[in-house]
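The structure under discussion appears below in the form of structure tokens.
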Amino acid sequence: MVLHFPILFFHLFFLFQMINNNLLSSFFIYSKIYKYCFLFLFMDLKFDKKLLLLIIFSIIGLIIYIYLEYVVLINNSSPLFCSINNTPINCEKVIESQYSKLFGIPLETYAIAYFIIDIFLILLLYKKKLKIIYNLFYRLIGVLFVIFSLYLMLFLIHSICLYCSTADGILIINFGIILYYYKKKVFE
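When you line the sequence shown up against UniProt numbering, it's residues 1 to 188, in that order.
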């Protein structure tokens, strides 16, 4: 099963290459390969349900930020359901603000990297190749990002991005799950 990690990351890297080269149409064909890769990876389904939830939420977060990266940065258009009239919900304003980049790199790119590493750490935790405290610390970094993101949206930009807020919620849920998992493992 250790050989599956490089295969998974090869596929994720290839997906980013396809998106950057605007070959999204081949994504649907390639997603079949991902499906079989994940099925092959989890064939020994003595998999802890909490870890499976972490992976599912992390994949959802990854998909959200890949979508934002593709739509906004590559297609130069606005995401679906981005702006709701007479409300502070306006993804475009958030994504195009001066705070949307850190060291010249869009925050979406950092989030994509975070979720890829997150999936990898969960798999290492499942294989017992990583102590749970490291995973908990990594999730704490995610919660700090959520606080930073909410501060930017609420107090500096004065608009809320639904996609970013959904991913922020996923980070908080993942932190809660790993905290529960940590308490259960430590105090057993």
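The beta carbon of each residue, even a glycine, is placed where N, CA and C say it ideally should be.
These figures come from a predicted structure and were not determined experimentally.
Check                                                                                                                                                          : Outcome
Taking the alpha carbon of K184 as the reference point, which residue from L140, I132 and Y138 has its own alpha carbon closest?                               : I132
Residues in the same chain with beta-carbon distance under 7 Å from I177, minus the five sequence neighbours each way, listed in chain order, please.          : K50, L53 and L54
When you compare only the Cα positions, how much space is there between C161 and C91?                                                                          : 4 Å
Suppose you measure from the CA of Y67 to the CA of Y182; what does that come to, to the nearest Å?                                                            : 32 Å
Which residues bound the alpha helix (DSSP H) around V71?                                                                                                      : Looking at the DSSP string, V71 is not in any alpha helix (DSSP H), and its letter there is neither H nor E.
Can you name, in chain order, every residue of its own chain whose Cβ lies under 7 Å from the Cβ of I60, other than the five neighbours on each side?          : I170
Rounded to whole angstroms, what is the Cα-Cα separation between V71 and L179?                                                                                 : 34 Å
Leaving out five residues before and five after T166 in sequence, what residues of the same chain have Cβ atoms less than 7 Å from its Cβ?                     : I64
Can you list, in chain order, the residues of its chain whose CB lies under 6 Å from that of K127, leaving out five sequence neighbours each side?             : none
Let me know if I56 comes out buried or exposed under the rule of 16 or more other beta-carbons within 10 Å of its beta-carbon.                                 : exposed
Taking the alpha carbon of I122 as the reference point, which residue from F145, Y134 and G104 has its own alpha carbon closest?                               : Y134
Am I right that S149 and D118 are in contact with their C-beta atoms under 8 Å? What's the rounded C-beta distance?                                            : No, S149 and D118 are not in contact; Cβ-Cβ is about 16 Å, not under 8 Å.
Can you find the residues in the same chain that come closer than 8 Å, C-beta to C-beta, to E69, ignoring five residues on each side of it along the sequence? : I19, P106, E108, T109 and I112
I need the DSSP call for I89, collapsed to helix, strand or coil.                                                                                              : strand
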